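Let me begin by presenting the structure, written as structure tokens, before commenting on it.
Dropping the structure here:
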């Protein structure tokens, strides 16, 4: 509304008394387009309009909206609030303390290959201990090298974000879309990772098992930052990782190397279904090698072993970099499911109060089954991420506490 006809966003910023660098403006515009918040004509999409309601990073606001649709709000609410403030895990300079701190963080993450799980478990255990006694909560934080004051702030941010979802019409006080309804899948780790994939795109990389590094569309060689639980693993761990795909929060350049932070390993089906924006750009084609532009990723280990330069295959293109091929034509079904998920999300963004149809619920249930089965198939273990509400403080009125497990 502030821009006149024919005035670009970049040109608008140039009129400001102290305009930001044009490179930063262009980068922000490109990011908004990439996540589906802005159209090519630089007008905000329905998603973009909703993101304006949240005073947090757009990707985590986007995560909240998807979490409502996928009915796994509580864990995503915690992660979004956490990522909107400071890291609660206190960095240790002494090697001995750093090793102990890393071990404790690994224990929190369990066998999930996820820094985000470590965050969730840390917050939930702190919340549970605080419900018993404040001293217990502090002892838990001290034992795990965690800042209790940071988690207190995260707790407050959670409440504000939940209140904004209510104000925007995505959550109702009772009936369909109430707090219990939007947490039906909160204890399903595979679904939570799906929302993380949506939120963190295009921050998706894949593993080079021989070279012991990861790479993405921009960087041919990256490494896990020492703050990530994945950095403390040995060669055999990386070589035998259950999946080739990793989503991450950010990357930093140190000592002439690129390091990624805030990592979670996800399965191939999750990337195929949820990576990318809301536009119908993905496609499925049948072809014989070479692949599009000579690049691509095998959909499964079976496809890797059976790879033949002469055999016809199906190529599933998510974007200009993520192209997966398979010798199993059933992969086409994923494209259909992806398209239906996109339609459901777009409808909900257009009308937050909209009640899902029976078909919509079946589509989401199908997505949940596919993601859960695929996690089990590749060896990514399901971990409990839900818990029953705990009374932590009495100053949040009707705002529910974290954790809603299925009955």
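Numbering (UniProt numbering), first residue to last: 1 to 407.
Even for Gly, the Cβ is constructed at its ideal location relative to N, Cα and C.
Please read all numbers here as calculations on a predicted model, not as lab measurements.
Exercise. Residue 250 bridges to which residues according to DSSP?
Worked result: Answer by DSSP bridge pairing, in chain order: 261.
Problem set entry | Best match in 246, 133, 98, 180 for proximity to residue 226 [C-alpha to C-alpha] | 98
Exercise. Can you tell me where the alpha helix (DSSP H) with residue 49 in it begins and where it stops?
Worked result: 46-51
For this session: Name the one or two DSSP bridge partners that residue 223 has.
Result: 259
For this session: Return the chain-ordered ranges of every alpha helix (DSSP H) run that is complete within the segment 153-235 and spans a minimum of 4 residues.
Result: 189-200
Exercise. Where does residue 59 land, buried or exposed, given buried means 16+ other C-beta within 10 angstroms?
Worked result: With at least 16 other beta carbons inside 10 angstroms of its own, residue 59 counts as buried.
Exercise. The alpha helix (DSSP H) with residue 25 in it runs from where to where?
Worked result: 22-34
For this session: Report the option in 253, 185, 342 whose CA atom is closest to the CA atom of residue 68.
Result: 185
For this session: Give me the Cα-Cα distance between residue 148 and residue 62, rounded to the nearest whole angstrom.
Result: So the two alpha carbons sit approximately 27 Å from each other.
Problem set entry | Chain-order list of residues whose beta-carbon lies under 6 Å from that of residue 71 (same chain, five-residue window excluded) | 182, 184, 185
Exercise. How is residue 297 classed by DSSP in three states: helix, strand or coil?
Worked result: In the structure shown, the three-state DSSP call for residue 297 is strand.
For this session: Within its chain, find whatever has a CB closer than 8 Å to the CB of residue 136; leave out the 5 residues flanking it on each side and keep chain order.
Result: 129, 130
For this session: Could you give the DSSP three-state label for residue 347: helix, strand or coil?
Result: In the three-state scheme derived from DSSP, where H, G and I count as helix and E and B as strand, residue 347 is classed as helix.
Exercise. Does the segment 153-171 come close enough to the segment 26-34 that 3 or more CB-CB pairs lie under 8 Å?
Worked result: no
Exercise. Under three-state DSSP, which class holds residue 378?
Worked result: helix
Exercise. Where does residue 146 fall in DSSP's three states?
Worked result: strand
Exercise. With a Cβ-Cβ cutoff of 8 Å, do residue 383 and residue 150 count as a contact?
Worked result: no
For this session: Can you give me the Cβ contacts of residue 244 inside the same chain, cut-off strictly under 6 Å, excluding the 5 residues immediately before and after it?
Result: 206, 207
Problem set entry | For residue 173 and residue 223, the rounded distance between their alpha carbons | 45 Å
Exercise. What separation, rounded to the nearest whole angstrom, lies between the Cα atoms of residue 26 and residue 12?
Worked result: 12 Å
For this session: For residue 333, count neighbouring Cβ atoms within 10 angstroms of its own Cβ and tell me buried if that reaches 16, exposed if not.
Result: Answer is exposed; the Cβ neighbour count stays below 16.
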